[in-house]
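Participant: Handing you a structure now.
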Amino acid sequence: SSARSIDLPAWAMAIPIALPLAVYIYTAAPGVTLVDSGEFVTALRTLGVAHPPGVPTYVLLGNLFARLPLAADIARRTNLFSAVCAALAAGLSYPLTRQLLKDLDPRMALAGALAFGFSLSLWSWAVVTEVYALNIFLVTLTLWLAARGSWIAGCLAAGLALGVHHATVLMALPPAACLAWTRRRPTRRQLLCAAGAGLLGLSVYLYLPWRAARHPTLNWGDPETLENFWRHISGQQYRRWMLSISGWQDRVLLFVRLWTRQITVPGFALAGVGLFALWQRYRTVFWFTIGVLGLNAGFIIVNALGGPDIAGYYLPAFLTLTWCFALGADTVVTWFGRGRSRWAVPLVFGLALVPAVAGFQANNHHGDRLAPLYVENSLRGVPSGSLVLTCDWNLYSPWLYRRFVEGFRPDVVVIDANFLRTSWGLSMLEHDNPDLFHAAQNAIAVYRVQLDRFEHGQPYTDVELDADFNVVVATLVRARLDAGGAAFFTDKINFRPDGPYAAHGLLYQYMAKAGDVADDVPLNLSGLLGGVPLGEEGEAVRKNYAVMLAVRGKDLYRAGRYAPAREKLALAL
């Protein structure tokens, strides 16, 4: 029979769900990981408010999923939530491709969905706790409903998607609306119902002020008031990096490099053939593809936020590779003649599965214990009642999880000094550590004058703001020392240390006098030696281990303790 007449059963959609999901589950991290993972697990588990825009859809759905008894470690459960969302996105890309390309050989659509399921970036977000897997699933759902001309359901899905990562979703909505218009022009009544459905989805943001009023464990931005609510959902704290063309060339090169690596270079070449075939055979779908690709990539290219999660921003653009790969494969098979499909179709599926092999090492976090061990090593030997100040998000974020979900070291106060540069951070300090807040309340009152001017766009003095901030930090430290406790800070800080200090494991300890040497702290380095892909942030953590071991070695050398100094310096190297 003709390949055009071939159809696949409805359960075929389960193939690009089940195969990637099985691999995701195996390669998913066993617990909390670096960057935002700890913050998000804490927000999900305690129903808190995460960083802007608050991601209420993710928090609420993730909280429900985390209740399933799938693993003892809560972070492992939320990692599996990402795996399920990514697998559903891959599976849904199959009917999306079939809806876009009506006369496509469905086997090619299935191959395209598998290629997307094992694509480098989707896989990377399927194995850790992050918003991007749920985000791309909801974007794929929205596009599929748009391709079906389902205005009401599509707008509801879009509204919920905007409650996850609204910047990338907004870039996908114009091409989705244009596609839906070409498939089915709605009546006025349908448009009104669709608008209502979209607002219903967006109403998930009401969670933020409701929850903030109850002072959860994590209350980023304190969006209880209308002013704070708008500042939070609009991402005001990130605006200095938004819509900046500075360094756009580097971001273009990064996007191209990531784009070509998603399904390996041969797969990308096949997708290029498909894009050209779209122009020839499916002109409307071609412009829809260019719209999704161009708006998503263009927004990120002029957005200087960057960071380790930039690949997550590009997932809607990478989704277009699915149907481009499928049409490219269909076109090449046609060139060689359908009579040769006996070997051509298996070859296409083989090419679709190559990313599963090529990306395995980079995405295998099966034994990744770097983040929890980083927290343990940092607080190892820290006395009860100590104060630890940091600006190291790779430490503070997993500490949030270990402290407030696992109950690790409740006897130690760890503060992200970056939070103290915000009014809501000072409110969190007052709520969580009233003794420290009241000890520094006079310094905080002076500091708030310049801080309020800064936050409300009024004239302020940079030098005075920083000086007042340093006084607040110094007062907090002095209050803890005067109360008989110990005080520490990490290598990564945004304030000027006041007083003598010495290396204490992965921290610096405030000392009574210059030249004093802190107690020795043995470190568990197994998290760095397990063959786990470290990535940019993992390398930064490893560098911090090396730096602090070297500083400890120098402290010992200056104290005349040459043998242990050599041991620390050798370990640093």
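Read in order, the letters of the sequence shown correspond to residues 1079 to 1651 in this note's numbering.
No residue lacks a Cβ here, since even glycine has one placed at the ideal position from N, Cα and C.
Everything numeric in this text was worked out from a predicted model, so none of it was measured.
Can you find the residues in the same chain that come closer than 6 angstroms, C-beta to C-beta, to L1166, ignoring five residues on each side of it along the sequence?
Facilitator: Excluding residues within five positions, the ones whose Cβ falls inside 6 angstroms are F1215.
Participant: Does D1560 come out as helix, strand or coil in the three-state DSSP assignment?
Facilitator: In the structure shown, D1560 sits in a helix (DSSP, three-state: H, G or I).
Participant: In chain order, what residues of the same chain have a beta carbon less than 7 angstroms from the beta carbon of P1087, not counting five sequence neighbours either side?
Facilitator: Within the same chain, P1087 has no close Cβ partners at all.
Participant: Leaving aside the five residues before and after G1445 along the sequence, list all residues of the same chain whose C-beta is less than 8 angstroms from its C-beta, in chain order.
Facilitator: Contacts found: P1108, G1608, G1609 and V1610.
Participant: Taking the alpha helix (DSSP H) that Q1528 falls in, what are its first and last residues?
Facilitator: First-last of the alpha helix (DSSP H) with Q1528: Q1519 to E1533.
Participant: Give, in chain order, every unbroken run of the alpha helix (DSSP H) that is at least 4 residues long and sits entirely within the segment 1332-1413.
Facilitator: If we require 4 residues or more, the alpha helix (DSSP H) runs fully inside the segment 1332-1413 come out as 1342-1359, 1361-1379 and 1388-1391.
Participant: Would you decide whether F1660 is buried or exposed? Buried here means 16 or more other CB atoms lie within 10 Å of its CB.
Facilitator: One cannot answer for residue 1660 here, as it falls past the ends of the chain, which runs 1079 to 1651.
Participant: Taking 8 angstroms as the cut-off, does the segment 1156-1170 touch the segment 1092-1104 (at least 3 CB pairs, one atom from each stretch)?
Facilitator: The segment 1092-1104 is in contact with the segment 1156-1170.
Participant: What does a CB cutoff of less than 7 angstroms around Q1528 pick up in its chain, not counting 5 residues either side in sequence?
Facilitator: Excluding sequence neighbours, Q1528 sits near Y1538, T1539, E1542, L1543 and D1546.
Participant: From the DSSP secondary-structure annotation, give me the bridge partner or partners of D1494.
Facilitator: According to DSSP, which records beta bridges pairwise, D1494 is partnered with T1468.
Participant: Identify, in the order they occur along the chain, each residue of the same chain with its Cβ nearer than 6 angstroms to the Cβ of A1449, setting aside the five sequence neighbours on each side.
Facilitator: Result list for A1449: V1110, T1111, L1112 and P1476, in chain order.
Participant: Tell me whether D1085 is buried or exposed, calling it buried when 16 or more other Cβ atoms sit within 10 Å of its Cβ.
Facilitator: Its Cβ having fewer than 16 others within 10 Å, D1085 is exposed.
Participant: Looking at N1141: is its Cβ nearer than 8 angstroms to the Cβ of L1122?
Facilitator: Taking 8 angstroms as the Cβ cut-off, N1141 and L1122 qualify as a contacting pair.
Participant: Determine which residues share a DSSP beta bridge with A1268 and list them.
Facilitator: The residue you asked about is not Ala; residue 1268 is Gln in the sequence shown. The partner list for Q1268 (beta bridge, DSSP) is empty, contrary to what the question assumes.
Participant: Only counting the same chain, and skipping five residues up and downstream in sequence, which positions put a Cβ closer than 7 angstroms to that of S1079?
Facilitator: Residue confidence for S1079 is low, a pLDDT of 37 falling below 50, so the modelled location carries little weight; the figure read from the coordinates is stated next. The answer is none, since no qualifying residue turns up.
Participant: According to DSSP, is L1603 part of a helix, a strand, or is it coil?
Facilitator: Looking at L1603 - three-state DSSP - the assignment turns out to be coil, as it is neither helix nor strand.
Participant: Which residue marks the beginning of the beta strand (DSSP E) containing L1296, and which one marks its end?
Facilitator: No beta strand (DSSP E) holds L1296; DSSP gives it neither H nor E.
Participant: By the 10 Å Cβ neighbour count, where 16 or more other Cβ atoms means buried, how is H1244 classified, buried or exposed?
Facilitator: With 16 or more other Cβ atoms within 10 Å, it is buried.
Participant: How would you call G1241, buried or exposed, if buried means at least 16 neighbouring beta carbons within 10 angstroms?
Facilitator: Looking at its Cβ environment, which holds 16 or more other Cβ atoms inside 10 Å, G1241 is buried.
Participant: Let me check understanding here. Comparing Cα to Cα, which of V1209, F1515 and L1405 lies closest to I1493?
Facilitator: Measuring from the Cα of I1493, the nearest candidate turns out to be F1515.
Participant: Go ahead and pull the three-state DSSP assignment for S1079.
Facilitator: No answer about S1079 holds up, because its pLDDT of 37 lies below 50 and its placement is not dependable.
Participant: Out of L1270, L1296, Q1340 and Q1358, which one is the CA nearest neighbour of H1509?
Facilitator: Closest by alpha carbon: L1296.
Participant: Check each candidate in P1512, S1202, Q1327 and T1468 and name the one with the smallest Cα separation from D1387.
Facilitator: Taking only the C-alpha atoms, the option nearest D1387 is S1202.
Participant: Look at the alpha carbon of A1081 and the alpha carbon of V1423, and state the distance between them as a whole number of angstroms.
Facilitator: Because the pLDDT at A1081 is just 48, under 50, the model does not fix this residue reliably, and the value given afterwards should be weighed accordingly. Cα to Cα, A1081 sits roughly 11 angstroms from V1423.
Participant: Kindly indicate the opening and closing residues of the beta strand (DSSP E) around Y1579.
Facilitator: Here the beta strand (DSSP E) through Y1579 covers Y1579 to H1582.
Participant: Assign W1326 to buried or exposed, taking buried as 16 or more other Cβ atoms, counted over all protein chains shown, within 10 Å of its Cβ.
Facilitator: By the neighbour-count rule (16 or more Cβ atoms within 10 Å), W1326 is not buried but exposed.
Participant: In terms of alpha-carbon separation, which member of G1352, G1274, V1453 and D1151 lies closest to Y1623?
Facilitator: Among G1352, G1274, V1453 and D1151, the Cα nearest to that of Y1623 belongs to V1453.
Participant: Output the distance between the C-alpha atoms of F1354 and T1409, rounded to the nearest integer angstrom.
Facilitator: Going by the C-alpha atoms only, they are around 10 angstroms apart.
Participant: Does the contact criterion of 3 or more C-beta pairs under 8 angstroms hold for the segment 1487-1502 versus the segment 1138-1156?
Facilitator: Because the criterion of three Cβ pairs below 8 angstroms is not met, the segment 1487-1502 and the segment 1138-1156 do not touch.
Participant: In whole angstroms, what separates the C-alpha of L1221 from that of R1154?
Facilitator: The alpha-carbon atoms of L1221 and R1154 are separated by roughly 30 angstroms.
Participant: The beta strand (DSSP E) with Q1314 in it runs from where to where?
Facilitator: Segment: none, Q1314 is in no beta strand (DSSP E) and carries neither H nor E.
Participant: Within a Cβ cutoff of 8 angstroms, which residues of the same chain sit near Y1392, ignoring the five residues on either side of it in sequence?
Facilitator: Closer than 8 angstroms at Cβ, skipping near neighbours: S1199, F1333, L1336, W1337, N1374, A1375 and I1378.
Participant: May I ask you to verify whether the segment 1482-1489 touches the segment 1580-1598, counting CB pairs closer than 8 angstroms and requiring at least 3?
Facilitator: The segment 1482-1489, when compared against the segment 1580-1598, does not touch it at the 8 angstroms Cβ threshold.
Participant: Look at the Cβ atom of V1282, then the Cβ atom of P1134, and state whether they are nearer than 8 angstroms.
Facilitator: Yes, these two residues count as a Cβ contact at 8 angstroms.
Participant: Rounding to the nearest angstrom, what Cα-Cα distance links A1637 and S1462 in this structure?
Facilitator: Each residue's alpha carbon lies about 27 angstroms from the other.
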